[in-house]
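Peer 1: One structure coming up, written as structure tokens, with questions to follow.
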Amino acid sequence: MTTTTTEPTGSTADPVGAPDPAPRRRRKGSGGLGSYLLVRFLLIFPTIFILVTTVFFLMRATGDPITAALGGRLPADQLAERVREAGYDRPLMTQYLEYLGNLVQGDFGTTLSDRRPVLEVLTTFGIATLELTVYALIVAFIVGIPLGMLAAYFRDRFPDAVLRVFAILCYATPVFFAGLLLKLVFASGLGWLPVAGRASTGTEIELQFLESPTGFYLIDALQTGDWDVISDVLEHAVLPAIALGLLTAGIFLRLVRTNVIGTLGTGYVEAARSRGVAESRLLRKHAYRPALIPIITVIGLQIAILLVGAVLTETTFEWKGLGFQLAEYLQARDFVAVQGIVVLLAVIVAVTNFIVDIIAALIDPRVRY
Amino acid sequence: MSVVDIKDLQISFATDAGAVTAVQDVTLAVQAGEVLAIVGESGSGKTVTARSILGLLPETARVRGAVVLSSKDGTTEQDVVPLSGAQLREVRGQDAAMVFQEPSTSLNPVYPIGWQIAEGLRAHGKYSKKEARAKAIDVLRLVGIPDPEHRVDHYPHQFSGGQKQRIVIAQALVLDPGVIIADEPTTALDVTVQAEILELLRRCRDDFGAAIVLITHNMGVVADLADRVAVMYQGRIVEQADVRTLFSAPEDPYTQQLLAAVPRLGQGVERTRERAVRRAAGWERTAPVVEAKDLRIVYPGRMRRPDFVAVDSVSFSIRPGEVLGLVGESGSGKTTIGRAIAGLTKVSHGSLTVLGTEMNGMKERAFRPVRERIGFVFQDPASSFNPLLTIAEAVAEPLVVHKRAKDPRAARPRVDELLEAVQLPKAFGDRYPHELSGGQRQRASLARSLALQPELLIADEPTSALDVSVQARVLELFDELQRELGFAALFISHDLAVVDLLADRIAVLYRGQLVEEGTGAEVLGAPKHPYTQRLIASLPVPDPDEQARRRTHWNTLRASD
Amino acid sequence: MATATSVPTAAGPAGEPGTTPARRRRSWRSLPIVHQLRQSVGLQRGMLVAGLVLMGVFLLTALFAPLLAPYEYGQLRDAEGLFGAQQPPSGDHLLGTTVGGYDVLSRVIWGSRTALYVIVVAVLLSIVAGVLLGLVSGYFGGWLDRVLVVIADAIYAFPALLLAIIVAIVISGGQSSLWGGIMAAAISITVVFIPQYFRVIRAETVRIKAEAFVESARVIGASNRRIMLRHVLRNATRTLPLILTLNASEAILTLAGLGFLGFGIQPTAAAEWGYDLQQSLSDVTSGIWWTSLFPGLAIVLVVLGLTLVGESLNDLADPRLRTRRRVADQEPAEEGEVAAVPGGALTAGPAGVGGLEVTAAGGRPGNPASAGATGAEPAEGQVAGPDVTGQDGGGTRS
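Just so you know, the protein sequences line up as chains A, B and C, in that order.
So that you can map any letter, position 73 of the first sequence is 105 in the numbering used here, and since no number is skipped, the others follow by simple counting.
So that you can map any letter, position 24 of the second sequence is 975 in the numbering used here, and since no number is skipped, the others follow by simple counting.
So that you can map any letter, position 244 of the third sequence is 264 in the numbering used here, and since no number is skipped, the others follow by simple counting.
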């Protein structure tokens, strides 16, 4: 917990593991895991603060939301009345401070188009986005990590070439186009899977009559115990999960490949090879674990890409989650709702990054002790 | 009985410039229980030859010839060259094991050391977890890791460099191999630790009956450990002989030159005396160029880590025209002192006067005119030149900055002069740094540092990245230039013999403190501080008989500790 | 970024040290991309060439769009009357018509122009701002650096498309003319990219600042401005071609994403692939494939080309990932021997010693110890390095 290099004891004359005279480059220092986590945790707040502030002032730079939504559709005096009612005629700083105060209390505002508290929109639709993201991550892990290791193993040989082109295609294809293609082939073409939505109407109704619906359709469907309902939910999830999952899988594949190749070239892998350790074991044990640490850190940053992907996937498949709602509100020019959703997503990203950093720190024994 | 028998080995590699033959016509045999040293400078093919014994060559290599490896009990023998896959794995670790140069990278940072030792065992036989662990603890005790029962579960970063190398050796020993290939096993370590590791390797031979193939560029190490020596040059073996014969009567001209280039302790004493005689009267009373009084340099700790005191109440002075040699192991603070004098590191406490300017609380703007009078030679010739500037442009840089020349082109005549002074052809000025070898670059670096005719030169380990023969040339050049131009110098090195060669006085640093200072004769002849004594005793000398005596002395010193 | 990036300084742009004893001038061969193309082999060369071809086709299409496209992007009718909506591919309309009655082929071709505009504007703006900020911030450090890093990290962590949406709202209120739309997309992408350039350049600057050659310039007494411009800047921008291609591909994806969410450029103002895909959403359900397939493919091919080039550059810059020729392909030429100076190595005189030293360095590329075992500590180094892909360059948050 305290020192990186333990003092040698006994008869050895090794010099004390004195730190290099040059300042240490290690990001995680050795000031103990505790203080690292604390600093890392405290960093969340300026991050969120900066984002909230940026979004607020950007959104207000061109005017107030009511004018933006209704401008031109209402006579000028009525518009001014609505603006005054909502308090948008006050000085910007006052509005900003009020907005911050409300945020702290969990009040994200009220949507203009359907007069719902933004927070309620977030909780209702957020769970659907979560469900989609979870499916996609499962696909990404199942596809990306083993294939990445395979590609590293067959480095520069035929399987590697195929896998790399596959990975590049995965992230060169916009998710919505991937979604459209999947729909064309498997839904409208072959008719194997449903075209859109999270479940068929019958299932949705059935799920609403549950005692405590979670909104996570798969969990709810399992609660009913009805196989038809479960398979209906799963069938609807397949295409969106693949569309979004493949995007992330491509990124994972590339990451795993790069990092495993990197660790395969290190001294300790060479050393293990010199002791007769099998190549497959070198890959599984020696190269993979150390490669995992940077991979996990980077996966944290993928959350942003994943969420953007989710927004686009939801629009493609009419998956009624946050992204779908965001697109709807954008069409309706309801910028209060847009601002609320954007801020929430940003907060999710910041918090996820924090959690991921902690996991990475816990995996690395040099930080743990 | 020979454990390794190499016949007509030829190895070539693919590079961007086409195929390069690294090893040619090498025929070698290693007898059971002997230490064979393969010596040579970088690029001589010694490492490649040794690695071929384990089939540990990159895919770009093509090997011809035979490398026959016998098992320790002599029952089986196999040519390694055509082997692959499972057969090769069978041999690796079991019949021949390897110890690498860099202990910090040859252990996997994310697994406990016990796990890593056990892994080798379980790759070659059936062991339960418990048995493997017990064997790991045993072998750790054998290599001198204290409290092995407890420490077997520790991670590599919890050990010091020397201990890590012990663990790497333990990994090799645990499989009881017939031959251990040690590739520069002590190059990354401090000299006092080096002596320990050499002792341990000797025990590998004496107590475990393992033959050792020792790859090294250090003739002192060879004299200390080897029974027989093979000298390699440009991919071929130029000479093979018994260690005593080789050192006393080298036959090949290359071997002779190589041995002559090795700096030896005590060589500088005569030179120092000459220089002292030549000094003008009253020299002792001239104002020092550099004067440190209770100098203390602290690197502030981050994230609640305690501050690190790199230099602690150090006092010394350098007079005009004098060369002070600063010796110490890694982390002793020697580089920090050099950087502080050059204004690259802040002084925390005490006083440091450089050419009349107080460095404690120094302002960069005020110091800039003083910089004109200081030259600096950096350790790593690879990174001390801007890769995008030609050598001439780089050497002209100080002239342009201090307005002695309008632009690099105007400075060219002076640059050519300087290049000539460091014995580089003028045409080299038009080359880019990567087109020069290490030694050439270091000479260009010397030219750059002398461009403004400084009164003070700081040389931070200027030769530690160079081969012995190249080092000899650069040191000689340094000495010539110093005599000619008469600048004062701070010469920083970890190598006592190198410092002894050049310095008027030697200062020994240990954990940030100056433990001893005096002329070479005083410090090397009659060291007072126990650390200096240990340091000198640990330094292997290139003479097997002399080194055997020194080793006995070192052992008694160690026993009395 | 700090640890594993030993590449650019050590190897220099013109190959391994000492491999060519002859003096070498900087020529067209050492230009970025041309140099890498010459350096690459096998699969890596194939990828690079494929990427360059795709990029070339894209550029040519964008430049010659007016000649290539059979109709205007906003054209609904010709002499024979309206084109008609959702017409399947035919002689008149090779790729069919859209739900809005536009010619698909024409819009795909014209769309490349819009994409190119956006890439050029976005990349130019963000490079200038990002490089400048990164250089100053990394070089001087201090509180300004810390503040900028926190801000850049915050924006970097922010989903790019969301930020782009907001900036698009600010700039154009959500819909606009050709240049309004292009600027909206370009500026929003710029805002997202500035932190990326900033981070890369800053990290490089911090690394280079610690290099001996910069310290040496400081010891000489060079001014900060001189050090920054002469020593740091050019060395720090070596990875730019790589980031550039990757960011260009991200710019296209962001533009298409904006279009797909309904923030695209109106069909009468310009052709934009994302917008066309959004329009085709309902077609897909009824099995009309041509309206979505071709604009989508256009995006994929352009992004694919840019990514292939970017990844190849990345691999070539990273010695761990670079493929080298195998010996089996070539007989051991005499080149290995060329470097070796026969005879007295230690003989005096600059030429003799020089020869020896070149030999020593020349042998090194074949030395596996230096080729393979560049073991950086994995926790910091692995992802870092010159691996500055938009997707995963983030392993280096400081």
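Ideal Cβ positions, reconstructed from N, Cα and C, are used throughout, including at glycine.
Quantities reported herein were computed from a predicted structural model and do not represent experimental measurements.
#1: Expressed to the nearest angstrom, what Euclidean distance is found between the alpha-carbon atoms of L376 of chain A and I189 of chain C?
#2: Between which two residues does the alpha helix (DSSP H) containing H1075 of chain B stretch?
#3: Would A382 of chain A pass as a contact of T155 of chain A if the rule is Cβ separation under 8 Å?
#4: Report the rounded CA-to-CA distance for A70 of chain C versus A378 of chain A, giving the unit in angstroms.
#5: Please state the DSSP three-state secondary structure of F356 of chain A.
#6: Could you tell me which residues DSSP pairs with P149 of chain A in its beta bridges?
#7: With a threshold of 8 Å between beta-carbons, can D956 of chain B be considered close to chain A, or not?
#8: Taking 8 Å as the CB-CB cut-off, is A1440 of chain B touching chain C?
#9: How about G1129 of chain B: is its C-beta nearer than 8 Å to some C-beta of chain A?
#10: I'd like the list of long-range same chain contacts for V1042 of chain B, defined as Cβ closer than 8 Å, with 5 residues on each side in sequence excluded.
#11: Which residues of the stretch 226 to 250 of chain A have a Cβ closer than 7 Å to any Cβ of chain C? Give them in chain order.
#12: Does any C-beta atom of chain B lie closer than 8 Å to the C-beta of V169 of chain C?
#13: Please identify, using Cβ separations under 7 Å, the residues of the stretch 355 to 368 of chain A that lie next to chain C, in order along the chain.
#14: Which bits of chain C does F198 of chain A rub up against, with CB to CB less than 7 Å?
#15: Taking 8 Å as the threshold (C-beta atoms), are L1216 of chain B and D1451 of chain B in contact?
#16: Hey, does P40 of chain A have any beta-carbon neighbour from chain B nearer than 8 Å?
#17: Among residues of its own chain, excluding the 5 on either side of A364 of chain A, which ones have a beta-carbon nearer than 6 Å to its beta-carbon?
#18: Going by DSSP, what residues sit across from Q982 of chain B in a beta bridge?
#19: For S220 of chain A, which residues in chain C fall below 8 Å Cβ to Cβ?
#20: Name, going along the chain, the residues of the stretch 262 to 284 of chain C whose beta-carbon falls closer than 9 Å to a beta-carbon of chain B.
#21: In whole angstroms, give me the CA-to-CA distance for R1187 of chain B and A1181 of chain B.
#22: Would you please verify whether the beta carbon of T156 of chain A is less than 8 Å from any beta carbon of chain C?
#23: Between the alpha carbons of L1486 of chain B and A1510 of chain B, how many angstroms are there, rounded?
#24: For my contact list, Q1374 of chain B and R1399 of chain B are in at a C-beta cut-off of 8 Å; report their separation, rounded to the angstrom.
#25: For chain A, check one thing: does any of its Cβ atoms lie closer than 8 Å to the Cβ of E1467 of chain B?
#26: Quick check: the stretch 258 to 265 of chain C against the stretch 181 to 195 of chain A, are there 3 or more CB pairs under 8 Å?
#27: Run down chain C in chain order and give the residues with a C-beta less than 9 Å from the C-beta of L1295 of chain B.
#28: Can you check whether the C-beta of V77 of chain C is within less than 8 Å of a C-beta belonging to chain A?
#29: Along chain A, which residues have their Cβ under 7 Å away from the Cβ of Q1038 of chain B?
#30: For my contact list, T1341 of chain B and R1392 of chain B are in at a C-beta cut-off of 8 Å; report their separation, rounded to the angstrom.
#31: Is the number of C-beta pairs between the stretch 206 to 219 of chain C and the stretch 243 to 251 of chain C that are closer than 8 Å three or more?
#32: Got a sec: is the Cβ-Cβ distance from P215 of chain C to anything in chain A below 8 Å?
#33: Determine whether the beta carbon atoms of P226 of chain A and E163 of chain A lie at a separation below 8 Å.
#34: Do you know offhand how far I390 of chain A's Cα is from G66 of chain A's?
#35: Return the first residue and the last residue of the beta strand (DSSP E) that V1265 of chain B is part of.
#36: On a Cα-Cα basis, can you pick out the residue from A:T384, A:M125, A:V370 that is closest to I185 of chain C?
Peer 2: Let's see:
#1: Looking up residue 376 of chain A in the first sequence gives position 344. Looking up residue 189 of chain C in the third sequence gives position 169. In a straight line, the C-alpha of L376 of chain A is about 18 Å away from that of I189 of chain C.
#2: By one-based count along the second sequence, residue 1075 of chain B stands at place 124. Under the DSSP assignment, H1075 of chain B falls in the alpha helix (DSSP H) whose first and last residues are 1064 to 1075.
#3: Along the first sequence, read from residue 1 onward, the residue named residue 382 of chain A stands at position 350. Along the first sequence, read from residue 1 onward, the residue named residue 155 of chain A stands at position 123. In this structure, A382 of chain A keeps its C-beta atom at 8 Å or more from the C-beta atom of T155 of chain A.
#4: Sequence index remark: in the third sequence, residue 70 of chain C carries index 50 (1-based). Sequence index remark: in the first sequence, residue 378 of chain A carries index 346 (1-based). Going from the Cα of A70 of chain C to the Cα of A378 of chain A covers about 37 Å.
#5: Along the first sequence, read from residue 1 onward, the residue named residue 356 of chain A stands at position 324. Looking at F356 of chain A - three-state DSSP - the assignment turns out to be helix.
#6: Residue 149 of chain A sits at position 117 when you count from the first residue of the first sequence. For P149 of chain A, which the question treats as bridged, DSSP gives the partners A:T142.
#7: Taking the second sequence and counting its residues from 1, one reaches residue 956 of chain B at position 5. Not one chain A Cβ lies under 8 Å of D956 of chain B.
#8: On the second sequence, residue 1440 of chain B is found 489 positions in, with the first residue counted as 1. Chain C contact via Cβ: absent.
#9: The count along the second sequence starts at 1 and reaches residue 1129 of chain B at position 178. Chain A, which has no Cβ nearer than 8 Å to the Cβ of G1129 of chain B, makes this no.
#10: As a position in the second sequence, residue 1042 of chain B is number 91, starting the count at 1. L1005, G1006, L1020, Q1029, V1031, L1034.
#11: Correct list: V227.
#12: Position 149 of the third sequence, counted from the start, is the residue given in the question as residue 169 of chain C. Chain B, which has no Cβ nearer than 8 Å to the Cβ of V169 of chain C, makes this no.
#13: Hits within the stretch, in order: A359, L362, Q363, R365, F367.
#14: For the purposes of this step, residue 198 of chain A is taken as the residue at position 166 of the first sequence. What F198 of chain A touches in chain C: nothing, since even the nearest Cβ is about 12 Å away.
#15: As a first step, residue 1451 of chain B is located in the second sequence; it is residue number 500 there, counting from the start. As a first step, residue 1216 of chain B is located in the second sequence; it is residue number 265 there, counting from the start. Taking the C-beta atoms as reference points, L1216 of chain B is found nearer than 8 Å to D1451 of chain B.
#16: As a first step, residue 40 of chain A must be located in the first sequence, where it is residue number 8. Only weak support exists for where P40 of chain A lies, its pLDDT of 31 falling under 50; the value from the coordinates is given anyway. It does; some Cβ of chain B falls within 8 Å.
#17: Position 332 of the first sequence, counted from the first residue, corresponds to residue 364 of chain A. Closer than 6 Å at the Cβ level, and outside the excluded window around A364 of chain A, lie S145.
#18: Taking the first residue of the second sequence as position 1, residue 982 of chain B is located at position 31. Per DSSP, the beta-bridge partners of Q982 of chain B are B:S953.
#19: Taking the first sequence and counting its residues from 1, one reaches residue 220 of chain A at position 188. In chain order: V304, T305, S306, G307.
#20: Flagged: no residues at all.
#21: Locating residue 1187 of chain B in the second sequence gives position 236, where the first residue counts as 1. Locating residue 1181 of chain B in the second sequence gives position 230, where the first residue counts as 1. Rounded to the nearest whole angstrom, the C-alpha separation of R1187 of chain B and A1181 of chain B is 10 Å.
#22: Here residue 156 of chain A corresponds to residue number 124 of the first sequence, with the count starting at 1. Closer than 8 Å: no.
#23: Residue mapping note: residue 1486 of chain B aligns to position 535 of the second sequence, counting from 1. Residue mapping note: residue 1510 of chain B aligns to position 559 of the second sequence, counting from 1. When rounded, the distance between both Cα atoms is 15 Å.
#24: In the second sequence, counting from the first residue as 1, residue 1374 of chain B sits at position 423. In the second sequence, counting from the first residue as 1, residue 1399 of chain B sits at position 448. Rounded, the Cβ-Cβ distance is 15 Å, inconsistent with contact.
#25: Counting from 1 along the second sequence, the entry for residue 1467 of chain B is found at position 516. Contacts with chain A at 8 Å (Cβ-Cβ) do not include E1467 of chain B.
#26: Segments in contact, no.
#27: Indexing the second sequence from 1 puts residue 1295 of chain B at position 344. Per Cβ cutoff of 9 Å: E235, R238, V239.
#28: Translated into positions along the third sequence, residue 77 of chain C becomes position 57. Not one beta carbon of chain A lies nearer than 8 Å to the beta carbon of V77 of chain C.
#29: By 1-based counting over the second sequence, the position of residue 1038 of chain B is 87. Chain A residues near Q1038 of chain B: none, gap ~10 Å exceeds 7 Å.
#30: What you label residue 1341 of chain B is simply residue 390 of the second sequence in a count that begins at 1. What you label residue 1392 of chain B is simply residue 441 of the second sequence in a count that begins at 1. The beta-carbon separation of T1341 of chain B and R1392 of chain B, rounded to 12 Å, does not stay under the 8 Å limit for a contact.
#31: Remark: fewer than three beta-carbon pairs, one from each stretch, lie closer than 8 Å, so the stretch 206 to 219 of chain C and the stretch 243 to 251 of chain C are not flagged as touching.
#32: As a first step, residue 215 of chain C must be located in the third sequence, where it is residue number 195. Not closer than 8 Å to any Cβ of chain A, the Cβ of P215 of chain C fails to qualify, so no.
#33: In the first sequence, counting from the first residue as 1, residue 226 of chain A sits at position 194. In the first sequence, counting from the first residue as 1, residue 163 of chain A sits at position 131. The answer is no: Cβ separation not under 8 Å.
#34: Start at 1 with the first residue of the first sequence, and residue 390 of chain A comes out as number 358. Start at 1 with the first residue of the first sequence, and residue 66 of chain A comes out as number 34. A direct Cα-Cα distance of roughly 10 Å separates I390 of chain A from G66 of chain A.
#35: The count along the second sequence starts at 1 and reaches residue 1265 of chain B at position 314. V1265 of chain B -> beta strand (DSSP E) spans 1259 to 1269.
#36: Walking along the third sequence from the start, residue 185 of chain C turns up at place 165. For the options A:T384, A:M125, A:V370, the alpha carbon positioned closest to that of I185 of chain C is the one of A:V370.
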